[in-house]
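Enquirer:
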Amino acid sequence: MKKKSLHYDVIVGAVLIVISAALFPQTFKFPGTAGIFPQFILVVLAILGIYTLIYGIKETKQDAAKAAAGETVNPVFSWAKDKLPLLGYALIVVYILLIQPLGFFLATTLFLVGYMWFLKIRKPLTLALVTIFVDVFLYVLFVILLKLNLPKGILM
Amino acid sequence: MFESFINSLPEIASNIFTLQTMLAITLGVIGGMVIGALPGLSATMGIALMIPFTYAMEPVAALAMLMTIYTSAIAGGSISAILIHTPGTPSSAATALDGYPLTQRGRGLEALGLAMISSCLGGFISSLALLFISPLLAQVALKFGSAENFFLGLFGLSIIASLASKSLSKGLIAGFLGLLLGTIGIDNNSAYPRFTLGITEMLSGIPSVPALIGLFSIPQVMTQIEKARKADKAVKDEIGEIKGRVLPPWKDFRKLIPTIGISSVLGIMVGILPGAGGDIGSWVGYNSAKNRSKHPELFGTGSLEGICASEAANNAVTGGAVIPMLTLGIPGSAAASVLMGGLMIHGMTPGGALFTKQATTTFAIILGFMLANIFMGVLGLLISR
Numbered sequence: 010m011k012k013k014s015l016h017y018d019v020i021v022g023a024v025l026i027v028i029s030a031a032l033f034p035q036t037f038k039f040p041g042t043a044g045i046f047p048q049f050i051l052v053v054l055a056i057l058g059i060y061t062l063i064y065g066i067k068e069t070k071q072d073a074a075k076a077a078a079g080e081t082v083n084p085v086f087s088w089a090k091d092k093l094p095l096l097g098y099a100l101i102v103v104y105i106l107l108i109q110p111l112g113f114f115l116a117t118t119l120f121l122v123g124y125m126w127f128l129k130i131r132k133p134l135t136l137a138l139v140t141i142f143v144d145v146f147l148y149v150l151f152v153i154l155l156k157l158n159l160p161k162g163i164l165m
Numbered sequence: 005m006f007e008s009f010i011n012s013l014p015e016i017a018s019n020i021f022t023l024q025t026m027l028a029i030t031l032g033v034i035g036g037m038v039i040g041a042l043p044g045l046s047a048t049m050g051i052a053l054m055i056p057f058t059y060a061m062e063p064v065a066a067l068a069m070l071m072t073i074y075t076s077a078i079a080g081g082s083i084s085a086i087l088i089h090t091p092g093t094p095s096s097a098a099t100a101l102d103g104y105p106l107t108q109r110g111r112g113l114e115a116l117g118l119a120m121i122s123s124c125l126g127g128f129i130s131s132l133a134l135l136f137i138s139p140l141l142a143q144v145a146l147k148f149g150s151a152e153n154f155f156l157g158l159f160g161l162s163i164i165a166s167l168a169s170k171s172l173s174k175g176l177i178a179g180f181l182g183l184l185l186g187t188i189g190i191d192n193n194s195a196y197p198r199f200t201l202g203i204t205e206m207l208s209g210i211p212s213v214p215a216l217i218g219l220f221s222i223p224q225v226m227t228q229i230e231k232a233r234k235a236d237k238a239v240k241d242e243i244g245e246i247k248g249r250v251l252p253p254w255k256d257f258r259k260l261i262p263t264i265g266i267s268s269v270l271g272i273m274v275g276i277l278p279g280a281g282g283d284i285g286s287w288v289g290y291n292s293a294k295n296r297s298k299h300p301e302l303f304g305t306g307s308l309e310g311i312c313a314s315e316a317a318n319n320a321v322t323g324g325a326v327i328p329m330l331t332l333g334i335p336g337s338a339a340a341s342v343l344m345g346g347l348m349i350h351g352m353t354p355g356g357a358l359f360t361k362q363a364t365t366t367f368a369i370i371l372g373f374m375l376a377n378i379f380m381g382v383l384g385l386l387i388s389r
């Protein structure tokens with residue numbers, strides 16, 4: 010039985026290499042000396058990424074050997090274990106992207122209800138009270154007291 | 005510099021004893037205790053979340069409140085550590101070792117009272133250190149030129165080596181990613197906007213408060229989501245009956261004073277060192293008390309000395325951590341780095357100027373912090389009752 014399990018370091022290393030490779034060509038468009046420091050940082054990051062990737066592959070092999078010997082191995086990326094934090098992060102990103110088109114309060118309301126639903130808080134009364142309280146509190150503080158211009162979106 | 009401090013005392017006092025500042029400190033103590041007592045909400049997160057609410061306040065009130073939240077969140081962490089064996093903040097992990105066995109034996113209130121007194125004393129001693137050490141350090145910082153500032157930056161970055169104990173490569177990755185994010189915005193030499201994606205707000209770089217909330221709060225949310233599943237299955241521990249007196253008799257307490265004193269000094273030193281926060285401070289205090297104790301075998305089974313040592317040390321860290329933050333711009337702990345963000349929002353830049361041009365504000369904040377520690381002790385004892 011061979012299950013695909015990657016060590017976290019493989020993923021970290023790969024992501025770093027992709028980031029460096031994507032940004033490096035851009036730095037050559039920078040005029041004058043503006044590109045030198047970012048180039049230096051990106052090269053170092055790429056080297057560290059390669060190191061981490063190689064190290065991670067080695068670890069993956071060792072862990073596979075250990076798992077074969079019946080030992081438990083922990084630092085392996087698995088969708089079942091890591092999907093909740095990643096989804097939680099993705100929801101925050103979606104919320105931020107929605108603020109401009111939908112407007113701050115509509116997006117916040119959707120986000121609060123959605124996030125509580127996601128965290129398995131599903132009593133209608135709790136959902137309604139928490140959402141209304143947060144919305145009213147934010148409105149009083151930021152719009153009435155601090156007179157901030159929050160994105161209004163489609164409510165206008 | 006001390007003369008100017010004495011001379012401007014009336015002005016400093018008029019800065020502190022305003023209704024707004026007093027209210028801010030009181031609110032900070034209560035809010036901080038609650039944040040600290042809730043497991044999962046750390047002092048750092050509490051400060052980061054409260055920064056937006058301080059926009060409308062006077063600088064003295066705002067920063068006094070943020071520093072109050074810092075110190076009282078760490079004291080509040082001991083409440084849940086002692087009563088339910090779950091440290092509210094990582095700084096109280098050592099307290100739980102001795103506090104919870106006492107709760108099981110029905111002496112929880114005594115442990116709580118002692119933790120509050122130790123926290124209050126530790127915090128107070130560290131605020132004295134803050135008051136007397138930072139002006140001296142600031143005088144040195146005043147003489148800094150570009151070369152010294154460069155080395156200060158280099159020193160700050162070299163802390164990565166001490167923080168990345170498990171994996172140096174990961175520490176370096178985090179450090180260089182930080183530098184990369186730092187290049188976002190207009191380049192000082194050529195005025196070319198780097199990596200801004202055409203967003204106007206990014207021209208001046210990533211602002212510190214969103215960065216801090218993103219770096220400290222969102223990972224916390226992700227960790228909590230992971231734990232949320234496990235918590236459903238956790239079995240609740242039996243809580244011993246809570247009774248007994250809050251204040252220890254003077255005869256017993258007298259023996260604990262040296263422990264509190266030494267732990268406070270150790271805590272301040274750990275606090276000044278960049279990178280090490282309250283969690284490390286409390287263990288340093290705890291271990292040194294254990295080594296000096298006549299009854300080291302009692303540690304971990306409900307030793308009053310252990311509680312004193314860890315609580316005095318972790319609150320002493322707060323004042324210590326703020327010293328290099330105010331004078332050199334190098335925060336001594338994660339929470340202090342968030343505090344630095346709050347400081348800059350109110351137009352105060354860390355460094356010598358805080359102790360010359362803005363001295364009345366700075367000293368008012370420090371004295372406010374001192375008062376906060378006393379408030380915290382009193383309020384903590386009242387809550388314990």
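If you're matching them up, the sequences are chains L and Z in order.
Each step along the first sequence adds one to the number in this note's numbering, with nothing skipped, and position 111 is 120.
Each step along the second sequence adds one to the number in this note's numbering, with nothing skipped, and position 19 is 23.
For each residue, glycine too, the CB sits at the ideal point set by N, CA and C.
Bear in mind the structure is a predicted one, so any value in this text is a computation, not a measurement.
For residue 315 of chain Z versus residue 40 of chain Z, is the C-beta spacing smaller than 8 Å?
Expert: Taking 8 Å as the Cβ cut-off, residue 315 of chain Z and residue 40 of chain Z do not qualify as a contacting pair.
Enquirer: Who are the near neighbours of residue 161 of chain Z in its chain, counting only those whose CB is closer than 7 Å to its CB and skipping five residues on each side?
Expert: 179, listed in sequence order.
Enquirer: Could you tell me which uninterrupted alpha helix (DSSP H) segments, each at least 4 residues in length, are contained entirely in the segment 279 to 354 of chain Z, listed from first to last along the chain?
Expert: With a minimum length of 4 residues, the continuous alpha helix (DSSP H) runs that stay inside the segment 279 to 354 of chain Z are 282 to 296, 308 to 332, 338 to 349.
Enquirer: Step through the CB atoms of chain Z and report whether any lies within less than 8 Å of the CB of residue 98 of chain L.
Expert: True, the Cβ-Cβ gap to chain Z drops below 8 Å.
Enquirer: Indicate the three-state DSSP secondary structure (helix, strand or coil) for residue 130 of chain L in the structure shown.
Expert: Correct three-state label for residue 130 of chain L: coil.
Enquirer: Please classify residue 328 of chain Z as buried or exposed, where buried requires at least 16 other C-beta atoms within 10 Å of its C-beta.
Expert: Buried, by the Cβ-count rule.
Enquirer: Need the endpoints of the alpha helix (DSSP H) that residue 259 of chain Z sits in, please.
Expert: 254 to 276 is the extent of the alpha helix (DSSP H) around residue 259 of chain Z.
Enquirer: Since residue 57 of chain L and residue 33 of chain L are thought to touch, with beta carbons under 8 Å apart, how far apart are those beta carbons, to the nearest angstrom?
Expert: Rounded, the Cβ-Cβ distance is 14 Å, inconsistent with contact.
Enquirer: Would you check if the segment 93 to 104 of chain Z and the segment 283 to 300 of chain Z touch, i.e. whether three or more CB-CB distances between them fall below 8 Å?
Expert: In short, these stretches touch, since the Cβ pair count reaches three.
Enquirer: Please report the residue range of the alpha helix (DSSP H) in which residue 114 of chain Z lies.
Expert: It spans 112 to 146 - the alpha helix (DSSP H) in which residue 114 of chain Z sits, taken as one unbroken run.
Enquirer: What residue range is occupied by the uninterrupted alpha helix (DSSP H) comprising residue 219 of chain Z?
Expert: No alpha helix (DSSP H) holds residue 219 of chain Z; DSSP gives it neither H nor E.
Enquirer: Expressed to the nearest angstrom, what Euclidean distance is found between the alpha-carbon atoms of residue 56 of chain Z and residue 339 of chain Z?
Expert: Between residue 56 of chain Z and residue 339 of chain Z, the C-alpha separation is close to 16 Å.
Enquirer: To the nearest angstrom, how far is it from the Cα of residue 113 of chain Z to the Cα of residue 300 of chain Z?
Expert: Distance between the alpha carbons of residue 113 of chain Z and residue 300 of chain Z: 23 Å.
Enquirer: Does DSSP put residue 209 of chain Z in a helix, a strand or coil?
Expert: In this structure, residue 209 of chain Z counts as coil in the three-state DSSP scheme.
Enquirer: Mapping the DSSP letters down to three states, classify residue 203 of chain Z as helix, strand or coil.
Expert: Coil.
Enquirer: Within a Cβ cutoff of 7 Å, which residues of the same chain sit near residue 210 of chain Z, ignoring the five residues on either side of it in sequence?
Expert: Result list for residue 210 of chain Z: 185, 188, in chain order.
Enquirer: Return the residues of the segment 210 to 231 of chain Z that lie within a Cβ-Cβ distance of less than 8 Å from chain L, sorted by chain order.
Expert: For the segment 210 to 231 of chain Z, which is checked against every Cβ of chain L, the residues closer than 8 Å are 222, 225, 226, 227, 229, 230.
Enquirer: Terminal residues of the continuous alpha helix (DSSP H) containing residue 76 of chain Z?
Expert: It spans 63 to 88 - the alpha helix (DSSP H) in which residue 76 of chain Z sits, taken as one unbroken run.
Enquirer: Around the Cβ of residue 60 of chain Z, are there at least 16 other Cβ atoms within 10 angstroms (buried) or fewer (exposed)?
Expert: Counting Cβ neighbours within 10 Å, residue 60 of chain Z comes out exposed, since fewer than 16 surround it.
Enquirer: Leaving out the 5 sequence neighbours to the left and right, which residues in its chain are closer than 6 Å to residue 307 of chain Z when beta-carbon positions are compared?
Expert: Within the same chain, residue 307 of chain Z has close Cβ partners 102.
Enquirer: I need the DSSP call for residue 147 of chain L, collapsed to helix, strand or coil.
Expert: It is helical.
Enquirer: What does DSSP give as the partner residues of residue 381 of chain Z in its beta bridges?
Expert: Residue 381 of chain Z is not bridged to any residue.
Enquirer: Would a check of beta-carbon distances place residue 60 of chain Z closer than 8 Å to chain L?
Expert: Residue 60 of chain Z counts as touching chain L.
Enquirer: Which value, in whole angstroms, describes the spacing of the CA atoms of residue 125 of chain L and residue 115 of chain L?
Expert: Whole-angstrom Cα-Cα distance: 16 Å.
Enquirer: Identify which residue in L:144, L:93, L:45 has its Cα closest to the Cα of residue 117 of chain L.
Expert: Selected option, being the one with the closest Cα: L:144.
Enquirer: Using a 10 Å radius around the Cβ and a threshold of 16 neighbouring Cβ atoms, would you call residue 154 of chain L buried or exposed?
Expert: Exposed, since its Cβ has fewer than 16 Cβ neighbours within 10 Å.
Enquirer: Around the Cβ of residue 371 of chain Z, are there at least 16 other Cβ atoms within 10 angstroms (buried) or fewer (exposed)?
Expert: Residue 371 of chain Z should be labelled buried.
Enquirer: Could you give the distance in angstroms between the alpha-carbon of residue 74 of chain L and the alpha-carbon of residue 48 of chain Z?
Expert: Roughly 41 Å separates the two Cα atoms.
Enquirer: Between which two residues does the alpha helix (DSSP H) holding residue 361 of chain Z run?
Expert: Careful: residue 361 of chain Z lies outside any alpha helix (DSSP H) and carries neither H nor E.
Enquirer: Name, going along the chain, the residues of the segment 189 to 201 of chain Z whose beta-carbon falls closer than 7 Å to a beta-carbon of chain L.
Expert: Residues 191, 193, 194, 196, 198.
Enquirer: Is there a C-beta anywhere in chain Z that falls below 8 Å from the one on residue 50 of chain L?
Expert: Closer than 8 Å: yes.
Enquirer: Just the chain L side, please: which residues come within less than 7 Å of residue 183 of chain Z by C-beta, in chain order?
Expert: Chain L residues near residue 183 of chain Z: 50.
Enquirer: Suppose contacts are defined by Cβ-Cβ distances below 8 Å. Is residue 91 of chain Z in contact with residue 46 of chain Z by that definition?
Expert: Result no, Cβ atoms of residue 91 of chain Z and residue 46 of chain Z do not sit closer than 8 Å.
Enquirer: Is there at least one Cβ from chain L nearer than 8 Å to residue 173 of chain Z's Cβ?
Expert: Cβ-Cβ to chain L under 8 Å: yes for residue 173 of chain Z.
Enquirer: So which residues of chain Z does residue 5 of chain L contact, with C-beta pairs closer than 8 Å?
Expert: This structure does not reach residue 5 of chain L, given that chain L is present from 10 up to 165, and the question cannot be answered.
Enquirer: Rounded to the nearest angstrom, what separates residue 13 of chain Z and residue 145 of chain Z at their Cα positions?
Expert: Near 23 Å, if we compare the C-alpha coordinates of residue 145 of chain Z and residue 13 of chain Z.
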